[in-house]
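Below is one structure, written out as structure tokens; comments come after it.
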Amino acid sequence: MKRRVVIIGGGVAGMQTALRLHAAGIGSVILEKDSATGGKLRDWHKLFPTFTPASEVLDPLRRAVGAAGIEVRTGAEVVGLDGRGAVLADGTRIDGDAVVVATGFTLFDARIKEEYGYGIYDNVLTSADVERMLNEGTLSMKNGDRPRRIAFLHCVGSRDEKVCQRHCSRVCCVTGVKQAMELKERFPEADVFNFYMDIRMFGSGYEEMYREAQVRHNVHFVRGRISEAAPTIDGRIQIKAEDTLTGRPLRMSVDMLILLVGMRANDDNRRLADSASLTLAPSGFVQPADPFLHSVESGAEGIFCVGTVTAPKNVGETLAEAAAAADAVADYLKNR
Ligand SMILES: Cc1cc2nc3c(=O)[nH]c(=O)nc-3n(C[C@H](O)[C@H](O)[C@H](O)COP(=O)(O)OP(=O)(O)OC[C@H]3O[C@@H](n4cnc5c(N)ncnc54)[C@H](O)[C@@H]3O)c2cc1C
Ligand code: SF4
588 MKRRVVIIGG GVAGMQTALR LHAAGIGSVI LEKDSATGGK LRDWHKLFPT FTPASEVLDP
648 LRRAVGAAGI EVRTGAEVVG LDGRGAVLAD GTRIDGDAVV VATGFTLFDA RIKEEYGYGI
708 YDNVLTSADV ERMLNEGTLS MKNGDRPRRI AFLHCVGSRD EKVCQRHCSR VCCVTGVKQA
768 MELKERFPEA DVFNFYMDIR MFGSGYEEMY REAQVRHNVH FVRGRISEAA PTIDGRIQIK
828 AEDTLTGRPL RMSVDMLILL VGMRANDDNR RLADSASLTL APSGFVQPAD PFLHSVESGA
888 EGIFCVGTVT APKNVGETLA EAAAAADAVA DYLKNR
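So the numbering used here is basically just the index in the sequence shown, starting at one, shifted up by 587.
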């Protein structure tokens, strides 16, 4: 009898898991709450570390899902699950032989850090805004001028006890390096500064990008955290920071402040976890059965988890994990 797996979430994690299951002869249905598949990559411009357009990853995945005849239901928000299926917001139940949770992450809402003025002052943007504006070709100051000085601020909504986000989001340092290079290419006359606590370049090719940003693009990296931003009389943004390498306080006026927002756990992880006895880590991400040999298993019978629903990850890690999740599901179905 043909098996069917219910996959919750149609981002890269969900789609790649469905494709790998299909290759193993196992059918699946993808339940996606948005109107289209793709998750966050729909809004990203070019991906670090290779500057590959996000569409070059997303389009082949979507085409392959279509060609494989994998059922995709959009506008299908899942509010509960167990090892044999999922329940949608309208009460419909979708049954299967196993369930994969691939519901991803939520971007930190920069308005919560009021001291940086996001949503209050013009020209304070988030890294996600920059991706969208690069895609739309609209990146400039609010009045259309070209910025002469740009500051990036790392760790906005990550490694921050005050907003209950203690974890490192991992991808924002390298996103800051990538976007600093993109902005320098777009506005070569601008001075670009990155204010960081530590620079975390964990992936292959990331350290090289960091070096290239300094040597080839003349991006300045300042170890220090901006404490506040305030508007100046001439419409710029004054930032106050401390250079923690020299110990000196620093004030600087910039034309654009870009907040590198973190990846946080989805609010509905709690509701989904309660419905299926899944465990959440203190960060709110779903905790896998163990981080080594069972990293894509939830610990609950028939329920698997993949991608950024368990922790911040880049696209490469997410895609690789999808293959592991499909293998684990195939083993589970074989042995049942
Ligand atoms: C600013 C920023 C820039 C980044 N740039 C890069 C980059 O350049 N290179 C790189 O490698 N990585 C990058 N990343 C990381 C990348 O975004 C993630 O690795 C990737 O999005 C993870 O995919 P996912 O499928 O796990 O999650 P998501 O992309 O979050 O997809 C999850 C999907 O599940 C759906 N969903 C959620 N809840 C439900 C529910 N209850 N019912 C049904 N559907 C649901 C969502 O609508 C979404 O479609 C970046 C991250 C950030 C924050
Ligand atoms: S990756 Fe960098 S910017 Fe992001 S939370 Fe970690 S240290 Fe901060």
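Heads up, the beta-carbon is just placed ideally off N, CA and C, and yes, glycines get one too.
Report the rounded CA-to-CA distance for P636 versus V761, giving the unit in angstroms.
As a position in the sequence shown, residue 636 is number 49, starting the count at 1. As a position in the sequence shown, residue 761 is number 174, starting the count at 1. Those two C-alpha atoms are separated by around 8 Å.
Short check: CB of L867 to CB of N856, under 8 Å?
Residue mapping note: residue 867 aligns to position 280 of the sequence shown, counting from 1. Residue mapping note: residue 856 aligns to position 269 of the sequence shown, counting from 1. The answer is yes: Cβ separation under 8 Å.
Please determine if the region 620-639 and the region 650-670 are in contact, where contact requires at least 3 C-beta pairs separated by less than 8 Å.
At 8 Å Cβ cutoff, the stretches touch.
Quick one: which unbroken alpha helix (DSSP H) runs of 4-plus residues sit fully inside the region 723-788? Chain order, please.
Qualifying alpha helix (DSSP H) stretches, in chain order: 759-773.
Beta-carbon within less than 8 Å of L675's beta-carbon, same chain only, minus the 5 sequence neighbours each way: which residues are those?
Here residue 675 is taken as the residue at index 88 of the sequence shown, counted from 1. L618, A663, E664, V665, V666, I681.
Please classify L648 as buried or exposed, where buried requires at least 16 neighbouring CB atoms within 10 angstroms.
Along the sequence shown, one-based indexing puts residue 648 at 61. L648 comes out buried.
Would you give the residue range spanned by the alpha helix (DSSP H) that L906 belongs to?
Taking the sequence shown and counting its residues from 1, one reaches residue 906 at position 319. Where L906 is concerned, the enclosing alpha helix (DSSP H) stretches over 902-922.
Checking the sheet assignment: what are the DSSP bridge partners for E799?
Against the sequence shown, residue 799 aligns to sequence position 212. E799 is not bridged to any residue.
Measure the alpha-carbon distance for D778 versus G871 and round it to whole angstroms.
The residue labelled residue 778 in the question sits at position 191 within the sequence shown. The residue labelled residue 871 in the question sits at position 284 within the sequence shown. If you take the alpha carbons of D778 and G871, they lie about 38 Å apart.
Rounding to the nearest angstrom, what Cα-Cα distance links T639 and R736 in this structure?
Here residue 639 refers to the residue found at position 52 of the sequence shown. Here residue 736 refers to the residue found at position 149 of the sequence shown. If I take the Cα positions, the gap works out to 27 Å.
Just mark R823 as buried or exposed, buried being the case when its beta carbon has 16 or more other beta carbons within 10 Å.
Position 236 of the sequence shown holds residue 823. Its Cβ being crowded by 16 or more others within 10 Å, R823 is buried.
Would T693 and R851 qualify as a contact pair, given that the criterion is a beta-carbon distance under 8 Å?
Here residue 693 corresponds to residue number 106 of the sequence shown, with the count starting at 1. Here residue 851 corresponds to residue number 264 of the sequence shown, with the count starting at 1. Yes, these two residues count as a Cβ contact at 8 Å.
Look at V893 and V644 and say whether their C-beta atoms are less than 8 Å apart.
Mapped onto the sequence shown, residue 893 falls at position 306. Mapped onto the sequence shown, residue 644 falls at position 57. No; because the gap between Cβ atoms is not below 8 Å, this pair is not in contact.
State the Cα-Cα distance for the pair R746 and R590, rounded to the nearest angstrom.
In the sequence shown, counting from the first residue as 1, residue 746 sits at position 159. In the sequence shown, counting from the first residue as 1, residue 590 sits at position 3. Spanning the two alpha carbons is a distance of roughly 42 Å.
Leaving aside the five residues before and after L712 along the sequence, list all residues of the same chain whose C-beta is less than 6 Å from its C-beta, in chain order.
Taking the first residue of the sequence shown as position 1, residue 712 is located at position 125. For L712, where only same-chain residues beyond five positions count, the Cβ hits under 6 Å are I845.
Which residue comes first and which comes last in the beta strand (DSSP E) that contains E829?
Translated into the one-based positions of the sequence shown, residue 829 becomes position 242. Looking at the DSSP string, the run of the beta strand (DSSP E) that includes E829 is 824-830.
Looking at ligand 1, does it come within less than 7 Å of F872, judged from the CB to the closest heavy atom?
The count along the sequence shown starts at 1 and reaches residue 872 at position 285. False, no ligand heavy atom lies under 7 Å from that Cβ.
Just to confirm, are G598 and G744 a CB contact at a threshold of 8 Å?
As a position in the sequence shown, residue 598 is number 11, starting the count at 1. As a position in the sequence shown, residue 744 is number 157, starting the count at 1. Not a contact, by the Cβ cut-off of 8 Å.
Can you find a heavy atom of ligand 2 that lies under 7 Å from the Cβ of L608?
Position 21 of the sequence shown holds residue 608. Checking every heavy atom of ligand 2 against the Cβ of L608, none is found closer than 7 Å.
State yes or no: is the C-beta of M784 nearer than 7 Å to some heavy atom of ligand 3?
What this structure holds is ligand 1 and ligand 2, not ligand 3.
If I measure Cβ to Cβ from A887 and keep anything under 7 Å in the same chain, skipping five residues before and after, which residues do I get?
As a working note, residue 887 is residue 300 in the sequence shown. Excluding residues within five positions, the ones whose Cβ falls inside 7 Å are G670, A863, S864, L865.
Hey, quick one: how far does the alpha helix (DSSP H) through G601 stretch, first residue to last?
Position 14 of the sequence shown holds residue 601. Where G601 is concerned, the enclosing alpha helix (DSSP H) stretches over 599-610.
Just verifying my parser: in three-state terms, what is the DSSP assignment at D855?
Along the sequence shown, one-based indexing puts residue 855 at 268. Coil, per DSSP.
Just checking my contact of A655 with H609 at CB under 8 Å: how many whole Å lie between their CB atoms?
The sequence position of residue 655 within the sequence shown is 68, counting from 1. The sequence position of residue 609 within the sequence shown is 22, counting from 1. So it is a contact: roughly 5 Å between Cβ atoms.
Given a cut-off of 8 Å, decide if G811 and A800 are closer than it, judged by their beta-carbon atoms.
For the purposes of this step, residue 800 is identified with residue 213 of the sequence shown, where counting begins at 1. For the purposes of this step, residue 811 is identified with residue 224 of the sequence shown, where counting begins at 1. Going by C-beta atoms, A800 is not nearer than 8 Å to G811.
Looking at the strands, I want to know which residues DSSP matches up with E815.
In the sequence shown, the residue the question calls residue 815 occupies position 228. Per DSSP, K827.
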